[in-house]
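Numbering (this note's numbering), first residue to last: 33 to 219.
Dropping the structure here:
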């Protein structure tokens, strides 16, 4: 196991001895022990440049999975993973800040430049009438609309298999219709 740079032990771990780790490898043996196979995991990080020195500015990224005999005598080409999104100036993959408010209704990045001062709801302002009294009902101004240009950042784009074949992933936005009230009550 490897230490993690994307988790702050002060906030997430009760003691310094139990720090979260990234899985480094898995070994599997046939019952009689005659054959042993090892899978090695290779990682890097998605990075948000303004906060890259903090744990919330990084997220663990699986780059590849290698496979070999436990003694190293046979090595098979790795599975390689590629992700959507731009690269930073240093070549690392971009990710938005973990605590960013710039997310759509389903939690995908939307680059909406929401601020902490925005209400945490995307409900239009409305007026409510109850028992003949008019009450102002608040709403929110958080922009949670999907943005197809940025929603795929840091999602899996492609897997390259040891045989040379590839699987390419294509994602679509969720769809919804505006709320429609059949018979609004007016009395």
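We treat Cβ as the ideally placed atom computed from N, Cα and C, and that holds for glycine.
{"Asked": "Applying the 10 Å Cβ sphere with the 16-neighbour rule, what's the burial state of residue 90?", "Found": "buried"}
{"Asked": "Under a Cβ-count criterion, where at least 16 other Cβ atoms within 10 Å of its own Cβ denotes burial, should residue 110 be classed as buried or exposed?", "Found": "buried"}
{"Asked": "Within its chain, find whatever has a CB closer than 7 angstroms to the CB of residue 16; leave out the 5 residues flanking it on each side and keep chain order.", "Found": "Examination of residue 16 is not possible in this model, given that the chain is present from 33 through 219 alone."}
{"Asked": "Which first and last residues belong to the beta strand (DSSP E) in which residue 63 is found?", "Found": "First-last for residue 63: undefined, no H or E at that position."}
{"Asked": "Which runs of the beta strand (DSSP E) spanning at least 3 residues fall entirely within the segment 78-127, listed in chain order?", "Found": "90-101 and 107-115"}
{"Asked": "Applying the criterion that 16 or more other CB atoms from any shown protein chain within 10 Å of the CB defines a buried residue, is residue 39 buried or exposed?", "Found": "buried"}
{"Asked": "Kindly identify the DSSP beta-bridge partner or partners of residue 59.", "Found": "70"}
{"Asked": "Output yes or no for whether 8 angstroms exceeds the beta carbon distance between residue 113 and residue 185.", "Found": "no"}
{"Asked": "Report the CB separation of residue 88 from residue 128 in whole angstroms; it is logged as a contact under 8 angstroms.", "Found": "The Cβ separation is near 10 angstroms, so there is no contact."}
{"Asked": "For the beta strand (DSSP E) that residue 198 lies in, which residues bound it at each end?", "Found": "198-200"}
{"Asked": "Here's the rule: buried if 16 or more other CB atoms are within 10 angstroms of the residue's CB, otherwise exposed. What is residue 101?", "Found": "exposed"}
{"Asked": "Is residue 141 helix, strand or coil by DSSP?", "Found": "strand"}
{"Asked": "Can you tell me whether residue 185 sits near the ligand SAH, meaning its C-beta is under 7 angstroms from at least one heavy atom of the ligand?", "Found": "The ligand content of the structure shown is nil, which means the ligand SAH is not present either."}
{"Asked": "Taking the DSSP output, what are the residues bridged to residue 191?", "Found": "113 and 199"}
{"Asked": "Taking Cβ to Cβ, would you say residue 77 is nearer than 8 angstroms to residue 55?", "Found": "no"}
{"Asked": "Given residue 205, which residues of its chain have a CB within under 7 angstroms of its CB, disregarding the five upstream and five downstream residues?", "Found": "178, 180 and 183"}
{"Asked": "Thinking C-alpha only, which one of 37, 194 and 67 is nearest residue 83?", "Found": "37"}
{"Asked": "Quick one, which of 201, 196 and 203 has its alpha-carbon nearest residue 108's?", "Found": "196"}
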